Amino acid sequence: MSSHYERQRLECPDKEPSLAWAILKSFWREAAMNGAFAAVNTVVSYVGPYLISYFVDYLSGKIAFPHEGYILASVFFVSKLIETLTARQWYLGVDVMGIHVKSGLTAMVYRKGLRLSNASKQSHTSGEIVNYMAVDVQRVGDYAWYFHDIWMLPLQIILALAILYKNVGIATVSTLIATALSIAASVPVAKLQEHYQDKLMAAKDERMRKTAECLKSMRILKLQAWEDRYRIMLEEMRNVECRWLKWALYSQAAVTFVFWSSPIFVSVITFGTCILLGGELTAGGVLSALATFRILQEPLRNFPDLISMIAQTRVSLDRLSHFLRQEELPDDATISVPQGSTDKAIDIKDGSFSRNPSCSTPTLSHIQLSVVRGMRVAVCGVIGSGKSSLLSSILGEIPRLSGQVRVSGTAAYVSQTAWIQSGNIEENVLFGTPMDRPRYKRVLEACSLKKDLQLLQYGDQTIIGDRGINLSGGQKQRVQLARALYQDADIYLLDDPFSAVDAHTGSDLFKDYILGALASKTVIYVTHQVEFLPAADLILVLKDGHITQAGKYDDLLQAGTDFNALVSAHNEAIETMDFGEDSDGDIAPSVPNKRLTPSVSNIDNLKNKVSENGKSSNTRGIKDKKKSEERKKKRTVQEEERERGRVSLNVYLTYMGEAYKGSLIPLIVLAQTLFQVLQIASNWWMAWANPQTEGDAPKTSSVVLLVVYMCLAFGSSLFVFVRSLLVATFGLAAAQKLFIKMLRCVFRAPMSFFDTTPSGRILNRVSVDQSVVDLDIAFRLGGFASTTIQLLGIVAVMSKVTWQVLFLIVPMAMACMWMQRYYIASSRELTRILSVQKSPVIHLFSESIAGAATIRGFGQEKRFMKRNLYLLDCFARPLFSSLAAIEWLCLRMELLSTFVFAFCMAILVSFPPGTIEPSMAGLAVTYGLNLNARMSRWILSFCKLENRIISVERIYQYCKIPSEAPLIIENCRPPSSWPENGNIELIDLKVRYKDDLPFVLHGVSCIFPGGKKIGIVGRTGSGKSTLIQALFRLIEPSGGKIIIDNIDVSAIGLHDLRSRLSIIPQDPTLFEGTIRMNLDPLEERSDQEIWEALEKCQLGEVIRSKEEKLDSPVLENGDNWSVGQRQLIALGRALLKQARILVLDEATASVDTATDNLIQKIIRSEFRDCTVCTIAHRIPTVIDSDLVMVLSDGKIAEFDTPQRLVEDKSSMFMQLVSEYSTRASCI
């Protein structure tokens, strides 16, 4: 399919390639085969109606030739048999073709997603792209069902008119006109439906985009107490979607009405014309015509479906084509040079690059850079100067405006924001390369990961949650570094990899990784740590997208200007620690070794160590195969839950009770029953009142005949309309109620739920399952009720004439129930497996879009495409089995009902002529002809309902997630001025992540005096972040208390607590929207206050320079702002919140030293009366605190003023200070 699409693009570059044509070219053989079965099926289905008039004549005593009755019965039977067999072949063929089309399109969309250029990515968020795959591809695949209807519809109408001409003569012309009119009536309704469908899809995209963003940023929403605001925003978006859904459902109800009433309308016009023209109707002719109308009803009823399906498919095809035509990253962005031909690894000549080509100022301009193979190049500069963009330009990720980029050798890339795949740590490090044990061990050693893996319960087999959620920032960064090193590339592009790790690990990493493992490689590293610059062969200083200086460390120092400013900022920071550096200059390097020895070698100690996400560490994960099974049982990410066995009746009842407490259900059943009764009555009236054979006298006048028929017929269609409206109203109310219930439960879920549930899984519920509930389930329920009532009607009519049929009907019904039970057991599980298999496809998709730059940087697109195809196969396998199972069931059911019909015919033929009223016998045959279709439709509609109701079951699972503590406890609300002093008291605080895991904090007790600055330091995994999570009650303490200004925080509501505390987290999260919305989502502050906050956090100038000022756009994930600027916006939020207690969790890890000093200065002046708790790896960040707490293994090792701790040469803090200040000189 992909190659046909590409061929069109190459053959006619000026014409847009047609996706529909590419699909047709790929699957025309399968389509032709299905068409052959469909044609035979259509022709055979008209044999019955054609022969009914002969059959009624035979029963009236007009025998044309010997054994006519038995021959007629045999022809009826054979034609029904062929109809059954061809239908099953045709349907299975269509289903298989649908699977192929869906798989092909999904692969195309996935491949496109990996290649999107920056500009295209901005116009298609990951939520939208997931929707292309979850909804649009599904639609196009489903169209395979309707593909042949385009030519079958005319064929069916021609055959019907031929039979009618035989029975009612020239009145057939009026039939044709009436048919054309009823088809014409459906066109405007279908157009309207297409319009509503368009609007509905756009609203759904918008909601999915916001939902994906909220799920990704749930931690920040909870910390800031914003989750209610965002939940209400999503509910408002859903209300907009619901408005369009309402019109879509009501237009569908109108379509249903038009098409149930069109055969009635056609038959009234036909019979009316025939009577007016003086044509003589007989019971046989009427019944033959009625049987024909009933067959004609199918194509006519499918016509609106066909039109709305064509409409929906066109919308989806257009959306997919538009996406597939989006601009890709140009292949010629960089020129690959063979390795032997040059000694330069990277050569940029007069390069200008722009992330946004429409913007007048380029992101980078006039870049001249020549890097010889084996060189170490450091890139530094203030935030927003274009450091990350320089690396992207080498990777070919940013559109090139001019100049050229030559690259010689393979590249490995480490992004600034860590991108970690779901899966275990080993898979993340290997990244598709075969395992080489010795090399793997060396890589872990060089990335300082050995110790972390010992702390994790399952070592490198630990499953990492969604986006690496259960690893600390430093661990994620080191896993990224290990992934790059294991690839053994020629060129290494590292985007500020040392910011997220503590001083000790940072200097170890620099020595072992850059100076050791990568000694012979070409390395370009962006860094804010000045101490890593002297080791570089070349230093580039960037400012406003230009390289302002380039040279060695000493040369640049003498030259002065920008570089000097960066270095002096660093020196200032070091000087703040000078009170610790006495005359004993040589103490520093020797202290760490002395202190470190016991904590590493003492195995008992190791047992208590816990990684930052609290995964316990009873023993080192043993590598034996036997153990691997045990490991899998206790992984971090939960397997997706699926119910087993029957869908409980409770699910149906609860669903039915969702809307108007179930009061509409009896009304729907009543409307359907009245429709069925009136329809049978109208047919019986026409058969009874007309003469039995030519020459008999009619039983009533033609006017009475027609008026009674019209009243009965139009009465029945009125009830269909009532039923359709009721079903739409019920479905809408139930869908909305379920959605709101699920949304509220998800937003109230504890943080642990999001840590262990990949977002793809939640998105699957709110997109795919919710779509089924919105558009499908109510109509499936209504359809099942109507088919059941129709089936009862057919059986009633047949047994009224030949009561002997009951002897067969009862065992047949039992056989059907048995087969259906046998089938549904497999089908239900297959559907559940399908739902579970769909999530990994969507999850890989959203994950790959997020990490596209890394995947491309490593040249791994092919492997990810293969993985996508593998997951698609895993999804297609149960899908094929599920569809084949349906055909298995239908074939058996239809054969059974065909035999019952044949038995009924045999009985009628064997009665002596004249013993049965021919018109009633004919009516029984007319209805009997429909028995097998109705039977299989009844079973199918039940099975489809049972399979679809699983979506309701899955949504109910998410309505039962245990929720966090209440947001507000009315009788226990803190005063509005609380906390006044900001006193924090921890009393014997014990915290663990799960009941079956060891404690992360072991009885921590201390007091943070109000208004003081507290620094919290400690090695990775010592429990720093856990302490903060306990303060905000993201994790509830297992023992002990946290008391703020005499109020126990566990006694008050979560909202009251979190809204009074402020935090600047390690990963600054921005939401799509504007700067104003990001700073003040609750809309509580004036513009003036926002500008003041921006001025204070040094962003005023940047934002004033933009045209839209406070309404400057923020893209998904804040991609159009640098990480440093995002951090300053997070600081702006804290300034606006004006809380008495501020927590900084590694807040300045991603910014240069000058910006860090600036942030510290702002915090010192703006939060001077507040309690400020700072977790930091950089010692200068905490050195001027009033008190410093050193955590080790979840216990307080030291807690005192920094001066006292530094005076004690054996203190752990002194050791950290020494490490930091000697780091530069060691390197």
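Residue numbers (full-length UniProt numbering): 1 to 1227.
Positions of the beta carbon are idealized from the N, C-alpha and C atoms, including for glycine.
Quick caveat: nothing in here was measured; it's all calculated off a predicted structure.
query: Taking C-alpha atoms, which residue in I955, G782, T700 and G1015 lies nearest to Q736?
result: Selected option, being the one with the closest Cα: I955.
task: Indicate the three-state DSSP secondary structure (helix, strand or coil) for C1173 in the structure shown.
output: strand
field: Contact set for D490: own chain, Cβ-Cβ below 8 angstroms, skip 5 residues either direction
entry: Q339, A345, R373, S408, G409, T410, A411, K521 and T522
- prompt: Are K1137 and S1062 closer than 8 angstroms when you measure CB to CB?
  reply: yes
- request: Measure the C-alpha to C-alpha separation of K623 and G506 and round it to an integer number of angstroms.
  value: Because the pLDDT at K623 is just 37, under 50, the model does not fix this residue reliably, and the value given afterwards should be weighed accordingly. Using only the alpha carbons, I get a separation of about 29 angstroms.
Distance between G657 and H124 (C-alpha atoms, nearest Å): 39 angstroms
Inter-residue spacing [alpha-carbon to alpha-carbon] between I920 and F807: Just to set this straight, residue 920 is Met in the shown sequence, not Ile. For M920 and F807, the gap between their C-alpha atoms comes out near 20 angstroms.
query: Which of helix, strand or coil does DSSP assign to L940?
result: helix
- prompt: Below 8 angstroms between beta carbons: does that hold for S79 and V56?
  reply: No, the Cβ-Cβ distance between S79 and V56 is not below 8 angstroms.
query: Using 8 angstroms as the threshold, is the segment 96-111 in touch with the segment 279-287, meaning 3 or more CB pairs across them?
result: no
query: Who are the Cβ neighbours of R400 in its own chain at under 6 angstroms, not counting the five residues just before and after it?
result: Same-chain partners within the cutoff: A333 and F353.
Beta-carbon spacing of G982, R1140 below 8 angstroms: Less than 8 angstroms separates the beta-carbon of G982 from that of R1140.
message: So, for W419: in the same chain, excluding its five sequence neighbours on each side, which residues have a beta-carbon less than 6 angstroms away from its beta-carbon?
response: G851 and T854
field: Residue nearest to S977 in terms of C-alpha spacing, selected from G1003, S1005, F1213 and I1044
entry: I1044
query: On the three-pair Cβ rule with 8 angstroms, is the segment 80-88 touching the segment 892-905?
result: yes
message: On the criterion of 16 or more Cβ atoms from any shown chain inside 10 Å, does G567 qualify as buried, or is it exposed?
response: Note that residue 567 corresponds to Val in the displayed sequence, not to Gly. The residue in question, V567, is buried, as its Cβ has 16 or more Cβ neighbours within 10 Å.
- prompt: Would you call the CB atoms of P1065 and K990 closer than 8 angstroms?
  reply: Not a contact, by the Cβ cut-off of 8 angstroms.
Minimum C-alpha distance to Q312 - residue among Y655, V773, R139 and A31: R139
message: Given a cut-off of 8 angstroms on the beta-carbon distance, is the pair L540 and A550 in contact?
response: yes
field: Backbone secondary structure at Q1098 - three-state DSSP
entry: coil
task: Just confirm the distance between the C-beta atoms of E128 and R209, as a whole number of angstroms; I'd bet it's less than 8 angstroms.
output: 6 angstroms
message: Rounding to the nearest angstrom, what Cα-Cα distance links L221 and E227 in this structure?
response: Distance between the alpha carbons of L221 and E227 is about 5 angstroms.
- prompt: Looking only at C-alpha atoms, which of L51, I668, D350 and A713 sits nearest to V266?
  reply: A713
message: Just checking: is the beta-carbon of F1071 within a distance shorter than 8 angstroms of some beta-carbon in chain C?
response: Absence of chain C from the displayed structure is noted, only one protein chain being present.
field: 4 or more residues per run - each alpha helix (DSSP H) lying fully within the segment 801-854
entry: 805-850
task: Drop a sphere of 10 angstroms on the beta-carbon of E16, count the other beta-carbons inside from all chains shown, and report buried for 16 or more, exposed for fewer.
output: exposed
field: Element boundaries [alpha helix (DSSP H), containing Y196]
entry: T172 to K216
message: Could you tell me which whole alpha helix (DSSP H) segments of length 4 or greater appear in the segment 527-578?
response: Every alpha helix (DSSP H) of 4 residues or more that sits fully in the segment 527-578 is shown, in chain order, as 553-559 and 561-575.
Closest residue to I849 among V240, L1099 and L114 (Cα-Cα distance): L114
message: Quick check: what's the CA-CA separation for G403 versus S389?
response: Each residue's Cα considered, the two are about 16 angstroms apart.
task: Return the residue from the list I665, P878 and T86 that minimises the CA-CA distance to N733.
output: The question names Asn, yet the displayed sequence has Ala at residue 733. The residue with the shortest Cα to Cα distance from A733 is I665.
Cα-Cα separation between Y486 and A778, rounded to whole angstroms: 54 angstroms
query: For the putative contact between R934 and I794, defined by C-beta atoms under 8 angstroms, what is the C-beta separation to the nearest angstrom?
result: 6 angstroms
query: What residue does the beta strand (DSSP E) around S1211 start on, and which one ends it?
result: Looking at the DSSP string, S1211 is not in any beta strand (DSSP E), and its letter there is neither H nor E.
task: Out of L1110, T1148 and H195, state which residue places its alpha-carbon closest to the alpha-carbon of M1077.
output: L1110
query: Can you tell which of I264, F293, Y196 and F27 has the C-alpha that lies nearest to the C-alpha of W244?
result: If you compare the alpha carbons of I264, F293, Y196 and F27 with that of W244, the shortest gap goes to Y196.
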